[in-house]
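In terms of the working numbering, the sequence shown opens at residue 2 and continues consecutively.
Beta carbons: idealized from backbone N, C-alpha and C, even for Gly.
These figures come from a predicted structure and were not determined experimentally.
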Amino acid sequence: MVDFRVVISDPKSGKAYQAEVSGAHASKFVGKVIGSTVDGEVVGLSGYKLQITGGTDKDGFPMREDLPGGQRRKILTFGGTGHHPREQGQRKRKAICGREISMNIGQINAIITKHGSKSVDELLGSEKEK
């Protein structure tokens with residue numbers, strides 16, 4: 002069974018919300034790639050549209066948009082996701098996940114692209130309110 006933690010960022014308010022997704026709703030994420038849009042009902046946001054912006058696998062390795070597939074690979078990086086060089090021209094071999102969401106992904110980052118009629122606070126709320 003697949004379980005994901007989805008971190009949803011709201012560009013209007015500047016807040017981020019977390020939602021746990023499992024079972025049939027989680028299977029709707031499998032096979033999607035970074036940049037894909039997903040219906041918000043999957044995470045409890047009816048009337049919303051979400052765009053996948055990244056994520057990490059269960060061991061904490063980040064996903065990279067320019068790497069095809071869903072498995073983890075060691076690639077030579079010179080900047081971008083997963084590597085921030087301290088010097089000009091510095092390169093490093095890093096373990097990075099591909100852009101496709103697979104069974105070994107633990108967290109998915111998403112941003113709201115279309116808002117619904119109710120506010121996100123009403124639908125998801127914060128952990129303190131629950």
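Per DSSP, I102 has no beta bridge partner at all. In this structure, K115 lies near K50, with their beta-carbon atoms less than 8 Å apart. Contact between the region 108 to 127 and the region 8 to 25 is established, with three or more Cβ pairs separated by less than 8 Å. Our two residues, S37 and G80, have alpha carbons roughly 23 Å apart in a direct line.
With fewer than 16 other Cβ atoms inside 10 Å of its own Cβ, A25 counts as exposed. Bridge pairing for E21: R6 [DSSP].
The beta carbon of V34 sits closer than 6 Å to those of R100 and E101, all from its chain and outside the five residues before and after it, given in chain order.
D4 and K59 have their C-alpha atoms spaced approximately 10 Å apart. Excluding sequence positions up to five before and after L68, its CB lies within less than 8 Å of the CB of R74, I76, I97, C98, G99 and R100, all in the same chain and listed in chain order.
Within the model, the alpha-carbon separation for G55 versus G48 is close to 22 Å.
Out of V43, V8, D11 and P12, the CA that lies nearest to the CA of S23 is found in V43.
Put simply, of R87, I112 and G90 the residue whose alpha carbon is nearest the alpha carbon of S10 is I112. V31 carries a coil assignment under DSSP once its states are collapsed to helix, strand and coil. In this structure, DSSP gives G15 a state outside helix and strand, which the three-state scheme calls coil.
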